[in-house]
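Residue numbers (my numbering), protein chains in the order written: chain A, 28 to 176; chain B, 28 to 176. Take a look at the structure below.
There are 2 protein chains.
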Amino acid sequence: MDISQVAKLTGVPASTLRYYEKRGLITSLAARGTRRRFAPSVLDQLALVALGQAAGLSLDEVRSMLTANGRPNINRQLLASKAIELDTRIRQLSAVRRGLRHAAACPARSHAECPTFRKLLKAAASGALDRQQRERKLKPTGKSPAGTR
Amino acid sequence: MDISQVAKLTGVPASTLRYYEKRGLITSLAARGTRRRFAPSVLDQLALVALGQAAGLSLDEVRSMLTANGRPNINRQLLASKAIELDTRIRQLSAVRRGLRHAAACPARSHAECPTFRKLLKAAASGALDRQQRERKLKPTGKSPAGTR
DNA sequence: ATGCAAGTTGAAGTCAACTTCAAGTCAAGG
DNA sequence: CCTTGACTTGAAGTTGACTTCAACTTGCAT
Chain A
28 MDISQVAKLT GVPASTLRYY EKRGLITSLA ARGTRRRFAP SVLDQLALVA
78 LGQAAGLSLD EVRSMLTANG RPNINRQLLA SKAIELDTRI RQLSAVRRGL
128 RHAAACPARS HAECPTFRKL LKAAASGALD RQQRERKLKP TGKSPAGTR
Chain B
28 MDISQVAKLT GVPASTLRYY EKRGLITSLA ARGTRRRFAP SVLDQLALVA
78 LGQAAGLSLD EVRSMLTANG RPNINRQLLA SKAIELDTRI RQLSAVRRGL
128 RHAAACPARS HAECPTFRKL LKAAASGALD RQQRERKLKP TGKSPAGTR
């Protein structure tokens, strides 16, 4: 397959595919300078990247789970710890969602005065603050964790 | 309170507090050029920012829910739609978490050959790809300021 | 054989949310 | 009064994941 076919098939832009290849996340059969050709297995590789991203791995972390030839090579410990992080995150998001739903539905004039909202606010916010602090601890130099998108 | 007290109390660095003030997310009582003083209500304001961030709002979106004087002014429609997004996101994260847990525990030699893993991979990844495509649709020029994240 | 869309490259630009820097100001202790 | 350390400002730098650009090459259709 050529790059535009893969792009069309997966929805991943050609520029991203080139970028992923440079980062060692996917493999192509190209001689340098000529047009890339992708084996069908690139679809699996892209799926793995997508899964990793969805799980909150950086591209470097995803690559660390691939062998030189592009096959997966799983670091169980990293995955298990990411799963735990996900658990926590899911719980926090659920609390936030409750907060939003309440805020959107609650008829109180000012939410500053609605006790239910204040309670959810405090819970969700303190969770968020804790999380911020944890992240700062992991990066003691103070470099920003670039968005918890 | 002065800026370092607020920082200590909330865990939000002083630099961030200044940044938030410049962005109109929190208010201070300072005459320009002198030292900032914060009213206790700044803690509520910060909680609201944290909640918004946790819910996936951009700082601009958070600010759009504040009146000029810094009191919350909630856009129910935006909140409700963010709650729906959160629902979706939570479901996707749950699927991803299942995938991770399985990958971390599954004894198959190569995960490429484990059918359970392949199924979860496909599900989680396709969800992730769909999401990517949706986000790209919302940003057609690539220059739009309204981050959906 | 030729035109031109589609591909190639490295380098530079973008974005959000901060952080860091340089240069200067203020306030309290000694 | 003077030092010192916490504070002030605007400007510039950082991060990760891409995208865009400029300047060429390729390869299919005519």
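Note that the Cβ used here is the ideal one computed from N, Cα and C, for glycine as well.
(1) Give the residues of chain B in contact with I30 (chain A), contact being defined as C-beta atoms less than 8 Å apart.
(2) Chain B beta carbons: is any one of them nearer than 7 Å to that of A82 (chain A)?
(3) Counting only runs of 4+ residues fully inside the stretch 50 to 114 of chain B, write out the alpha helix (DSSP H) ranges in chain order.
(4) Can you tell which of B:R103, B:I111, B:A34 and B:R64 has the C-alpha that lies nearest to the C-alpha of A74 (chain B)?
(5) Using a C-beta cutoff of 7 Å, does A74 (chain A) count as contacting chain B?
(6) Is DSSP giving V39 (chain A) helix, strand or coil here?
(7) Using 8 Å as the threshold, is the stretch 48 to 60 of chain B in touch with the stretch 72 to 88 of chain B, meaning 3 or more CB pairs across them?
(8) Using a Cβ cut-off of 8 Å, pull out every chain B residue sitting near A130 (chain A), in sequence order please.
(9) Determine, using beta carbons only, whether K35 (chain A) comes closer than 7 Å to chain B.
(10) Would you mind stating whether L147 (chain B) and L113 (chain A) have Cβ atoms separated by less than 7 Å?
(11) Using a Cβ cut-off of 7 Å, pull out every chain B residue sitting near R121 (chain A), in sequence order please.
(12) Using alpha carbons as the reference points, say which of A:R128, A:I30 and A:L105 lies closest to A66 (chain A).
Walking through what the data contain:
(1) Numbered from its first residue, the first sequence carries residue 30 (chain A) at position 3. What I30 (chain A) touches in chain B: nothing, since even the nearest Cβ is about 17 Å away.
(2) In the first sequence, counting from the first residue as 1, residue 82 (chain A) sits at position 55. It does: the Cβ of A82 (chain A) has a partner Cβ on chain B nearer than 7 Å.
(3) 68 to 81 and 86 to 91
(4) Mapped onto the second sequence, residue 74 (chain B) falls at position 47. Ranking the options by Cα distance to A74 (chain B), first place goes to B:A34.
(5) Here the question's residue 74 (chain A) lines up with position 47 in the first sequence. Closer than 7 Å: yes.
(6) Residue 39 (chain A) sits at position 12 when you count from the first residue of the first sequence. If DSSP states are grouped into helix, strand and coil, V39 (chain A) belongs with coil.
(7) Contact between the stretch 48 to 60 of chain B and the stretch 72 to 88 of chain B is present, with at least three C-beta pairs closer than 8 Å.
(8) Residue mapping note: residue 130 (chain A) aligns to position 103 of the first sequence, counting from 1. Residues of chain B passing the Cβ test: I101, R103 and L106.
(9) For the purposes of this step, residue 35 (chain A) is taken as residue 8 along the first sequence, with counting starting at 1. Answer no: the Cβ-Cβ gap between K35 (chain A) and chain B never drops below 7 Å.
(10) The residue labelled residue 147 (chain B) in the question sits at position 120 within the second sequence. The residue labelled residue 113 (chain A) in the question sits at position 86 within the first sequence. Not in contact: L147 (chain B) and L113 (chain A) (Cβ atoms no closer than 7 Å).
(11) Walking along the first sequence from the start, residue 121 (chain A) turns up at place 94. The residue asked about is misnamed: residue 121 (chain A) is Ser in this sequence, not Arg. Result: I117.
(12) Locating residue 66 (chain A) in the first sequence gives position 39, where the first residue counts as 1. Nearest C-alpha to A66 (chain A) among A:R128, A:I30 and A:L105: A:I30.
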